[in-house]
Amino acid sequence: MKLLDYTASALKEELHRVGFRMTNQRREILDFFLNLPEGEHLSAQEVHQRTAAQGSRASLSTVYRCLKLMARLGLLRELEFPNKEHYYELNREFCLNAVPGDLLQEDETAEQLVPAPHHHHLVCVRTNRIQEFHNDQVCKTARKIAEKYGFKVLDCQFTIIGVSPEGQLLPQLT
14 MKLLDYTASA
24 LKEELHRVGF
34 RMTNQRREIL
44 DFFLNLPEGE
54 HLSAQEVHQR
64 TAAQGSRASL
74 STVYRCLKLM
84 ARLGLLRELE
94 FPNKEHYYEL
104 NREFCLNAVP
114 GDLLQEDETA
124 EQLVPAPHHH
134 HLVCVRTNRI
144 QEFHNDQVCK
154 TARKIAEKYG
164 FKVLDCQFTI
174 IGVSPEGQLL
184 PQLT
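The sequence shown begins at 14 in the working numbering and counts up one residue at a time.
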């Protein structure tokens, strides 16, 4: 069974639980994100353009609604950056939890299907470049803070806003 099948099943259940259904457009967007290379962060416009190039007939407003809903359900991570643009990426933790252990092949683990769930972002305010990085201490600290205030951690995101080496080479705006 493919990761898409596990994740689509989990998404379908979650949609049903909150009063929605799995539409063709939602399935197309899910399939699109599951087939993206790891580390891609896309705006709604980029998702719309790329899925349209693959034959999707979903309108831009439908793509926006699907992305917002999938982010609210935890399937996608929605990242807002200083340029006020929203970017989306697959939340691999949702996918990891979507894989039922009893359905895996004998030699297969969920982690093999869904690599590297926790990562964070460096964002350049000049070039809009997004650089992912991994640091286990960030989430350990987040869990301690959440525990102190009685919160249960669902996701851990840490974003550093700055200027990349390429951005530092650009002329200053006046």
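We treat Cβ as the ideally placed atom computed from N, Cα and C, and that holds for glycine. A quick note: this is a predicted structure, and the numbers were derived from the prediction, not measured.
- The way I'd put it, the region 81-94 does touch the region 38-46; three or more beta-carbon pairs between them come closer than 8 angstroms.
- Distance from the CA atom of glutamate 59 to the CA atom of isoleucine 143, rounded to whole angstroms, is 15 angstroms.
- With a beta-carbon spacing of about 7 angstroms, lysine 165 and alanine 159 fall inside the 8 angstroms limit used to define contacts.
- Around the beta carbon of histidine 29, a 10 Å sphere encloses fewer than 16 other beta carbons of the protein chains shown; the residue is thus reported as exposed.
- Distances from the alpha-carbon of leucine 135 to those of Gln185, Tyr101 and Thr172 put Thr172 closest.
- The straight-line gap separating the alpha-carbon atoms of leucine 80 and leucine 103 is approximately 10 angstroms.
- The beta-carbon distance between tyrosine 100 and phenylalanine 94, rounded to whole angstroms, is 7 angstroms. This is short enough to meet the 8 angstroms contact definition.
- Of the other Cβ atoms in all chains shown, fewer than 16 fall within 10 Å of the Cβ of serine 74; this residue is therefore exposed.
- Taking the C-beta atoms as reference points, cysteine 137 is found no nearer than 8 angstroms to glycine 68.
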